[in-house]
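Numbering (the UniProt record's numbering), first residue to last: 1 to 196.
Ideal Cβ placement from N, Cα and C applies to all residues, glycine included.
Predicted, not measured: the structure shown is a model, and the values here were computed from it.
Structure first, commentary second.
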Amino acid sequence: MCEQDRRTRIADAAIELVAEQGVRALTHLAVDARLELPRGSTSYYMRTRRALLEAAVARLAVRARADFDAFGGSAPPPDVRAAADRIAAHLDRMLGERRSDTIARYALVAEVTATAELHEPLARAAFSRQLAVALMTALQAPAPEAAGADLVSLCEGLVFDRIIGSRSLDAPESGSAASLAQLSRAVEAFLRGVLA
Numbered sequence: 001m002c003e004q005d006r007r008t009r010i011a012d013a014a015i016e017l018v019a020e021q022g023v024r025a026l027t028h029l030a031v032d033a034r035l036e037l038p039r040g041s042t043s044y045y046m047r048t049r050r051a052l053l054e055a056a057v058a059r060l061a062v063r064a065r066a067d068f069d070a071f072g073g074s075a076p077p078p079d080v081r082a083a084a085d086r087i088a089a090h091l092d093r094m095l096g097e098r099r100s101d102t103i104a105r106y107a108l109v110a111e112v113t114a115t116a117e118l119h120e121p122l123a124r125a126a127f128s129r130q131l132a133v134a135l136m137t138a139l140q141a142p143a144p145e146a147a148g149a150d151l152v153s154l155c156e157g158l159v160f161d162r163i164i165g166s167r168s169l170d171a172p173e174s175g176s177a178a179s180l181a182q183l184s185r186a187v188e189a190f191l192r193g194v195l196a
């Protein structure tokens, strides 16, 4: 296995550990154990905990961008309903298929908030403000820059609430029609309010 593949496997294992056990569980030895590597292997590639955090953050950003590009496309939907449905599908995917990445992202962002070079990629990893502004421009929102930023905030809030907040206690199962409807309803209400 080449060095880059090993680094990628280590970063992926770090993300899994954080998602399953929290940031405190992220140690070199825990990654070694998870990957069944000889003791000290992870620290050979990433000497410090900070380097391990950097690798996890960078890998999360790459995975999020690849998923977003594969799923979302870049052309804005033609109308409010189509936009709400597409956004809801992306959010639902974050709650289901990408749940571990989403949980790891929230855990890591809390850990690295004071470190700009780690915080910024995580803050931008899940949603594209640029695409949100493009959508608001296409929908002819009166202040597309502000509306795009607000849409990203709404999406962050919806996902956070379903993963960690009060909706996590009784939310419909991700992937279900009820989940998509709940998310789409919230996004559509926001979009219609902005455009009113």
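For a quick check, are the C-beta atoms of residue i and residue j less than 9 Å apart?
{"i": "Thr-27", "j": "Arg-49", "result": "yes"}
{"i": "Pro-76", "j": "Leu-139", "result": "yes"}
{"i": "Asp-92", "j": "Leu-180", "result": "yes"}
{"i": "Met-94", "j": "Asp-101", "result": "yes"}
{"i": "Val-31", "j": "Leu-53", "result": "no"}
{"i": "Val-194", "j": "Ala-107", "result": "no"}
{"i": "Ala-126", "j": "Ala-171", "result": "no"}
{"i": "Ala-104", "j": "Ala-56", "result": "yes"}
{"i": "Ser-168", "j": "Arg-162", "result": "yes"}
{"i": "residue 208", "j": "Ser-174", "result": "Outside the shown range of the chain (1 to 196) lies residue 208, about which nothing can therefore be said."}
In the DSSP assignment, the alpha helix (DSSP H) including residue i goes from what residue to what residue?
{"i": "Asp-101", "result": "99–112"}
{"i": "Ser-43", "result": "41–45"}
{"i": "Val-18", "result": "3–21"}
{"i": "Asp-32", "result": "28–35"}
{"i": "Gly-157", "result": "144–163"}
{"i": "Glu-173", "result": "Unbroken run through Glu-173: none, as it is neither H nor E."}
Roughly how many angstroms lie between the CA atoms of residue i and residue j, to the nearest whole one?
{"i": "residue 211", "j": "Arg-185", "result": "Outside the shown range of the chain, which is 1 to 196, sits residue 211, and nothing can be said about it."}
{"i": "Glu-145", "j": "Val-133", "result": "5 Å"}
{"i": "Ile-87", "j": "Pro-38", "result": "43 Å"}
{"i": "Ala-66", "j": "Val-187", "result": "23 Å"}
{"i": "Ala-189", "j": "Glu-16", "result": "35 Å"}
{"i": "Leu-183", "j": "Leu-158", "result": "7 Å"}
{"i": "Ala-70", "j": "Ala-89", "result": "13 Å"}
{"i": "Thr-137", "j": "Arg-24", "result": "42 Å"}
{"i": "Gln-21", "j": "Asp-12", "result": "14 Å"}
{"i": "Ala-149", "j": "Glu-97", "result": "25 Å"}
{"i": "Arg-7", "j": "Leu-35", "result": "12 Å"}
{"i": "Ile-164", "j": "Ala-114", "result": "22 Å"}
{"i": "Ala-116", "j": "Leu-135", "result": "28 Å"}
{"i": "Leu-118", "j": "Ser-176", "result": "34 Å"}
* At least three beta-carbon pairs within less than 8 Å, the region 34–49 to the region 81–92 -> Contact between the region 34–49 and the region 81–92 is absent, because fewer than three Cβ pairs lie under 8 Å.
* Looking at C-beta atoms only, is the number of pairs between the region 50–60 and the region 114–129 that lie closer than 8 Å three or more? -> In short, these stretches touch, since the Cβ pair count reaches three.
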